[in-house]
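>
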Amino acid sequence: TQLLEQSPQFLSIQEGENLTVYCNSSSVFSSLQWYRQEPGEGPVLLVTVVTGGEVKKLKRLTFQFGDARKDSSLHITAAQPGDTGLYLCATRLTGTASKLTFGTGTRLQVTL
Amino acid sequence: NAGVTQTPKFQVLKTGQSMTLQCAQDMNHEYMSWYRQDPGMGLRLIHYSVGAGITDQGEVPNGYNVSRSTTEDFPLRLLSAAPSQTSVYFCASSYSIWTAGDDNSPLHFGNGTRLTVT
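Chains as they are written, first to last, in the numbering used here: chain A, 60 to 171; chain B, 11 to 128.
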């Protein structure tokens, strides 16, 4: 059973479209992170959300942490080909600050 | 800036062979970890270390050994490779275990080692 479920698994859109990807769990988290991974590279941290209901913006990317701290979403406005990659959410298991667990990821393809 | 360096980038092994995946970081990070990435399964934690001389198991430790003799290096050993260990392996580090992954101390990843076991 996966602690973090991400949806959709795959998304193929055209440049300029908007999209939202989701990260869900039945557990409550103290914080949640989003990473982006490009082909042939390791994941890179985009943002950490900590407070229930928190919204963080990173240029055209908007991250939201659910009020109950059991889910999160990533919204991209006017997607560009440079947004192509694998988007991963991650959190630390309760009582194990040193273990970061990842979701299965959403693979995004943005075409011209 | 080198960051986290993994070698080799690609490796093919035969079943039963042994090998060591190298990981080095030049950021003086206390925390280092190894993940494997398989299609549809995200990243799974193999082993981690919170400082020199200290290691612990993650979610999928079987078939892998680690040691941490210096702050900089955290090698991953496969003692007897199996086809189920075919995967992409990532090493990651962070300044502190208590803030691993937080904005002020993000997890830094290497570019991975693609391992095939035939």
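Glycine included, C-beta positions come from ideal geometry on N, C-alpha and C.
A:Thr165 and A:Leu70 look like a contact to me (Cβ under 8 Å); what is the Cβ gap, rounded to whole Å?
About 6 Å separates the two Cβ atoms, so the contact holds.
> How many angstroms separate the CA atom of A:Leu78 from the CA atom of A:Leu117?
Going by the C-alpha atoms only, they are around 15 Å apart.
> Which class does A:Ser131 belong to by DSSP, given the choice of helix, strand or coil?
A:Ser131 falls in the strand class under three-state DSSP.
> Take every Cβ of the region 123-133 of chain A, pair it with every Cβ of the region 73-93 of chain A, and state whether three or more of those distances are shorter than 8 Å.
Output reads yes: the region 73-93 of chain A touches the region 123-133 of chain A.
> Does the distance from the C-beta atom of B:Pro135 to that of B:Ser97 stay below 8 Å?
In the structure as shown, chain B starts at 11 and stops at 128, and residue 135 of chain B therefore has no counterpart that could be examined.
> Who are the near neighbours of B:Arg129 in its chain, counting only those whose CB is closer than 6 Å to its CB and skipping five residues on each side?
Because chain B in this structure spans residues 11 to 128, residue 129 of chain B falls outside the shown range and cannot be described.
> For B:Ile64, does the count of other Cβ atoms within 10 angstroms reach 16, so buried, or fall short, so exposed?
Classification of B:Ile64: exposed, given that the 10 Å Cβ count is below 16.
> Between the region 54-72 of chain B and chain A, which residues of the former have CB atoms less than 8 Å from a CB of the latter, in chain order?
Listed by position, the residues of the region 54-72 of chain B near chain A (Cβ gap below 8 Å) are Arg54, Leu55, Tyr58, Val60, Asp66, Gly68, Glu69.
> Please list, in chain order, the chain A residues whose beta carbon lies closer than 7 Å to that of B:Met37.
Ordered by position in chain A, no residue passes the 7 Å Cβ test against B:Met37, which lies about 14 Å from the chain.
> I'd like the ranges of any beta strand (DSSP E) spanning at least 3 consecutive residues and lying wholly in the region 47-128 of chain B.
Entirely contained in the region 47-128 of chain B, the beta strand (DSSP E) runs reaching 3 residues are, in chain order, 52-61, 64-67, 74-76, 86-88, 97-104, 123-127.
> Under a CB-based cut-off of 8 Å, is B:Phe119 close to chain A?
Chain A, which has a Cβ nearer than 8 Å to the Cβ of B:Phe119, makes this yes.
> From what residue to what residue does the beta strand (DSSP E) around A:Arg172 run?
Nothing about residue 172 of chain A can be reported from this structure: the residues present for chain A run from 60 to 171 only.
> Can you list the residues of chain A that B:Met51 reaches, using a CB-CB cut of under 7 Å?
Result: Thr163.
> Assuming B:Thr15 is part of the beta strand (DSSP E), what are its boundary residues?
Looking at the DSSP string, the run of the beta strand (DSSP E) that includes B:Thr15 is 14-17.
> Measuring only the C-alpha atoms, how far is B:Pro71 from B:His57?
Taking the straight line from one Cα to the other gives about 6 Å.
> Does any C-beta atom of chain A lie closer than 8 Å to the C-beta of B:Gly26?
So no, B:Gly26 is outside the interface.
> Have a look at B:Gln27, B:Thr128, B:Val127, B:Tyr105 and flag the residue whose alpha-carbon is nearest the alpha-carbon of B:Val14.
Of the listed residues, the one whose Cα sits closest to B:Val14 is B:Tyr105.
> Is the Cβ of A:Leu104 closer than 8 Å to any Cβ of chain B?
Cβ-Cβ to chain B under 8 Å: yes for A:Leu104.
> Look up A:Gly141 in the DSSP assignment and say whether it is helix, strand or coil.
Helix, per DSSP.
> Are the Cβ atoms of B:Val127 and B:Leu23 separated by less than 8 Å?
Against a cut-off of 8 Å, the Cβ pair of B:Leu23 and B:Val127 comes out as a contact.
> Report yes if the CB atom of A:Val114 is closer than 8 Å to the CB atom of A:Thr107, and no otherwise.
No, the pair does not count as a contact, with Cβ atoms beyond the cut-off.
> At what residues does the beta strand (DSSP E) containing A:Phe88 begin and finish?
First-last for A:Phe88: undefined, no H or E at that position.
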